[in-house]
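Report on the following structure.
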Amino acid sequence: MRRRASLLLLLLICSSWAPALPGAGASDSSIVANTTWNGDVMLTGNLTVEGPAVLTLEAGTVVDADTYTIHVIDGGVLVAEDAIITSTAPLPSQGSHGSGLWPGVVVDATSSAFLNGTLIERAETCLHLEGTLEANDLNLEDCYIGLDMTSGAVADISNLHVERADVYAVRNSGDLDLHVGAALHNVSIGLLADGTTHAANLDVDGALQGVKATSGTTVV
1 MRRRASLLLL LLICSSWAPA LPGAGASDSS IVANTTWNGD VMLTGNLTVE GPAVLTLEAG
61 TVVDADTYTI HVIDGGVLVA EDAIITSTAP LPSQGSHGSG LWPGVVVDAT SSAFLNGTLI
121 ERAETCLHLE GTLEANDLNL EDCYIGLDMT SGAVADISNL HVERADVYAV RNSGDLDLHV
181 GAALHNVSIG LLADGTTHAA NLDVDGALQG VKATSGTTVV
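Going by my numbering, the first residue of the sequence shown is number 1, and it counts up by one from there.
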């Protein structure tokens with residue numbers, strides 16, 4: 001894992017890391033009215049939640065994104081309660097722990113996500129945030145980047161857990177409050193901060209580097 005992480009960090013030096021843009025899919029779909037999902041849901045193309053629509057994932061919902069993106073735009077809202085967003089796409093190589101199978105969840109600058117007891121896993125960037133996020137017991141696992149926040153993004157999270165992030169557990173250029181506790185385990189860099197970051201009881205374990213603050217305000 002450490003060797004792979006070092007190679008990915010070298011790649012970042014050579015090129016900027018950005019979330020993959022949704023490609024053209026055979027069955028891309030848009031949600032334009034309030035929608036509730038439960039049970040098992042399989043995506044067959046990129047999914048767009050267009051504001052003011054709200055997509056709600058009820059407790060126990062499992063969304064299999066396959067290789068597609070979930071994109072929340074134009075004031076859209078994603079609400080998840082004890083749900084899982086994952087991928088069962090084939091592993092790229094033997095021994096892979098499953099990161100990078102799908103692009104991830106992208107929330108644009110006008111949109112919001114409310115995630116409680118939710119797991120997002122096996123993505124390139126589990127959660128790319130340009131808008132606002134409120135979360136409690138948020139788990140991001142087996143990804144290149146766990147939480148990626150751009151300038152202007154705002155997040156309030158209680159109990160964040162990131163496990164097995166090959167590049168960054170958290171990259172913050174916005175305004176991030178990690179309340180109660182944050183556990184970043186088996187990652188390359190725990191926290192890369194150049195925005196405003198307040199973290200209570202930050203626990204970084206098994207990392208090449210725990211915290212790297214390049215600018216802004218970081219209080220841990």
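By construction, the Cβ of each residue, glycine as well, lies at the ideal position given by its N, Cα and C atoms.
Just tell me which of V79, Y68, V105 and V32 has its CA closest to the CA of T88.
Y68
Residue ranges of each alpha helix (DSSP H) run of no fewer than 4 residues wholly in the region 67–102, ordered along the chain?
none
Measure the C-alpha to C-alpha separation of T132 and D108 and round it to an integer number of angstroms.
9 Å
Assign E134 to one of three DSSP states: helix, strand, or coil.
strand
Whether L91 touches V63 by CB criterion (8 Å):
no
Ignoring anything shorter than 4 residues or poking outside the region 163–219, list the alpha helix (DSSP H) runs there in chain order.
Runs found: none.
Output needed for D137: all residues of its chain with C-beta closer than 6 Å, excluding positions within five of it in sequence on either side, in chain order.
G117 and N159
A123: buried (16+ other C-beta within 10 angstroms of its C-beta) or exposed?
buried
For G104, report the span of its beta strand (DSSP E) as first-last.
G104 to V107
C-alpha gap between H128 and H71, whole angstroms
10 Å
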